[in-house]
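Undergrad:
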Amino acid sequence: MSPPHPSPLTPHSSIFIPGHRGLVGSALVRRLTAAGYTNLLTRTRAELDLLDPVAVREFFALEQPEYVFLAAAKVGGILANNTYPADFIYQNLTIQNNIIDASHRNGVKRLLFLGSSCIYPKLAPQPLKEEYLLTGPLEQTNDAYAVAKIAGIKMCEAYNRQYGTRYLSVMPTNLYGPGDNFDLANSHVLPALIRKFHEARLNKAPSVTVWGSGSPRREFLHVDDMADACLFLMTLPEDRFILLTTSLQPTIINIGYGVDVTIAELAELVREATGFPGTIVYDRTKPDGTPRKLLDVSRLHNLGWQAKTDLKSGIEQTYEWYKRLG
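Using the working numbering, you'd call the opening residue of the sequence shown number 40 and step up by one each time.
The following block contains the structure:
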């Protein structure tokens with residue numbers, strides 16, 4: 040017997056995935072395709088400039104997507120965020136403003152806005168609960184990106200309150216996996232370490248240098264688990280989804296693994312996966328960033344979802360994928 044308020048999402052529903060070539064977007068495409076969804080709307084940057092409000096409105100008016108997974112964003116690690124703060128705040132604000140407003144204007148049934156765990160205050164209690172949003176100062180190395188994401192959360196809440204839309208924001212922890220960015224200048228810590236250790240092994244280098252002290256603690260989630268959580272939330276029965284977008288303050292859900300490791304422990308895992316025999320050197324002149332970032336995922340667990348991929352296995356799988364890149 041079917042539930043009294045089933046999810047309206049069907050295998051033929053029109054689903055738009057802006058950012059489908061990125062780490063999260065490509066994982067969403069894989070997960071949705073595997074689940075039998077056949078009407079996925081994807082556009083490259085050349086086909087649709089998400090920074091152009093007119094182009095975005097025309098796309099929505101023509102294609103009439105019913106569901107949106109808003110995965111498009113300008114992302115990067117500490118160095119990129121420190122170097123290009125204006126790009127991070129402008130591009131992310133513009134992309135999400137264009138898509139959220141066009142979704143409302145064209146009657147999108149549900150939208151999932153993907154934020155980031157960096158929205159939480161730098162020194163907030165651990166693990167990070169959703170209600171800690173806006174309770175303290177942000178980490179300065181990525182505050183431009185964080186402010187843009189917080190604006191997206193508040194925009195979704197405002198549209199829900201004023202127009203009765205069904206827009207839910209999800210906050211993933213640090214993600215990794217197939218489709219990641221391994222550029223040393225712009226990548227996050229895990230893919231950067233994979234590349235560093237891989238190249239050090241090939242070049243027979245005696246050591247690998249890791250930024251910072253190695254003491255900060257970070258949580259990592261395989262991107263395929265992230266995509267699975269997004270689909271789980273998007274397909275919740277209507278009565279449960281409505282509660283998430285109307286009764287929570289703020290209306291966000293953390294998505295994480297629930298366990299963290301130190302950067303030093305992470306480096307050791309990557310060294311094992313890559314087979315690098317040398318030593319690890321920590322450059323303490325480089326910034327550590329936030330001392331700890333562990334998400335409280337009890338809200339998601341209570342809804343019925345938990346991550347499946349442990350960090351050791353996930354790093355090994357990601358390294359095999361990276362090697363196939365050539």
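Every residue, glycine too, gets a C-beta built ideally from N, C-alpha and C.
This structure is a prediction, so every number in the text was calculated from the model and none was measured.
Per DSSP, which residues does K332 bridge with? Please list them.
TA: Answer is R257, bridged to K332.
Undergrad: Please identify the residue among I139, N131, V147, V209 whose C-alpha is closest to the C-alpha of D335.
TA: V209
Undergrad: Name the DSSP bridge partner or partners of I366?
TA: Residue 366 falls outside the range modelled here, since the chain spans only 40 to 365, and no answer is possible.
Undergrad: For Y321, collect the residues of the same chain with a Cβ closer than 7 Å to its Cβ; drop the 5 residues on either side in sequence, then sort them by chain order.
TA: V249, G251, S252, G253
Undergrad: Residue range of the beta strand (DSSP E) that T318 falls in?
TA: Looking at the DSSP string, the run of the beta strand (DSSP E) that includes T318 is 318-322.
Undergrad: In this structure, how does DSSP classify P92 when only helix, strand and coil are distinguished?
TA: In this structure, DSSP gives P92 a helical state, which the three-state scheme calls helix.
Undergrad: Nearest-angstrom Cα distance between T72 and L118?
TA: 35 Å
Undergrad: Taking 8 Å as the cut-off, does the region 144-157 touch the region 96-111 (at least 3 CB pairs, one atom from each stretch)?
TA: For the pair of segments examined, the region 96-111 was found to touch the region 144-157: the number of CB pairs separated by less than 8 Å reaches three.
Undergrad: Would you call S337 buried or exposed, if buried means 16 or more other Cβ atoms sit within 10 Å of its Cβ?
TA: exposed
Undergrad: Could you tell me which uninterrupted beta strand (DSSP E) segments, each at least 3 residues in length, are contained entirely in the region 129-209, listed from first to last along the chain?
TA: 149-153
Undergrad: Below 9 Å between beta carbons: does that hold for G218 and G61?
TA: yes
Undergrad: Measure from the alpha carbon of Y215 to the alpha carbon of each residue in R257, G175, Y198, then state which is nearest.
TA: Out of R257, G175, Y198, R257 has the C-alpha closest to the C-alpha of Y215.
Undergrad: In this structure, does DSSP put P211 in helix, strand or coil?
TA: strand
Undergrad: Below 8 Å on the Cβ atoms is my guess for A66 versus A266; work out the distance and round it to an integer in Å.
TA: Yes, A66 and A266 are in contact; Cβ-Cβ is about 4 Å, under 8 Å.
Undergrad: Output the distance between the C-alpha atoms of N137 and T174, rounded to the nearest integer angstrom.
TA: 28 Å
Undergrad: Name the two residues that bound the continuous beta strand (DSSP E) containing D299.
TA: 299-301
Undergrad: Secondary structure at T313, three-state DSSP: helix, strand or coil?
TA: helix
Undergrad: Out of Q165, T49, V247, T77, which one is the CA nearest neighbour of F315?
TA: V247
Undergrad: Provide the residue span of the beta strand (DSSP E) that contains V247, from first to last.
TA: 246-250
Undergrad: How close, in whole Å, do the beta carbons of G191 and F221 come, if the pair is a contact with beta carbons under 8 Å?
TA: Going by Cβ atoms, the distance from G191 to F221 rounds to 27 Å, so no, they are not a contact pair.
Undergrad: Taking Cβ positions only, does T49 come closer than 9 Å to chain B?
TA: Here chain B cannot be found, since the structure has a single protein chain.
Undergrad: Take the Cβ of P42 as the centre, count every other Cβ of all protein chains shown within 10 Å, and call the residue buried at 16 or more, exposed below.
TA: Below a pLDDT of 50, predicted positions are generally treated as unreliable, and P42, at 39, falls in that range; no measurement from the model is reported.
Undergrad: Determine the extent of the beta strand (DSSP E) in which N293 is found, giving its start and end residues.
TA: It spans 291-294 - the beta strand (DSSP E) in which N293 sits, taken as one unbroken run.
Undergrad: Could you say which of Y159, P245, E170, T348 lies nearest to P289 if we only look at CA atoms?
TA: Taking only the C-alpha atoms, the option nearest P289 is E170.
Undergrad: Going by other Cβ atoms of all chains shown within 10 Å of its Cβ, with 16 needed for buried, is Q345 buried or exposed?
TA: Exposed is the call here.
Undergrad: Taking the alpha carbon of P166 as the point to measure from, which residue in D140, Y202, P330, R240 has its own alpha carbon closest?
TA: P330
Undergrad: Secondary structure at N120, three-state DSSP: helix, strand or coil?
TA: N120: helix per DSSP, three-state reduction.
Undergrad: So, helix, strand or coil for R84, using DSSP?
TA: coil
Undergrad: Please classify N225: does DSSP put it in a helix, a strand, or coil?
TA: coil
Undergrad: My output table needs one value for W360: the three-state DSSP class, helix, strand or coil.
TA: helix
Undergrad: Identify, in the order they occur along the chain, each residue of the same chain with its Cβ nearer than 7 Å to the Cβ of H261, setting aside the five sequence neighbours on each side.
TA: Around H261, the same chain offers Y215, G216, T348, G353 as residues with beta carbons nearer than 7 Å, after the five sequence neighbours per side are excluded.
Undergrad: Would you mind reading off the limits of the alpha helix (DSSP H) that contains N341?
TA: 337-342
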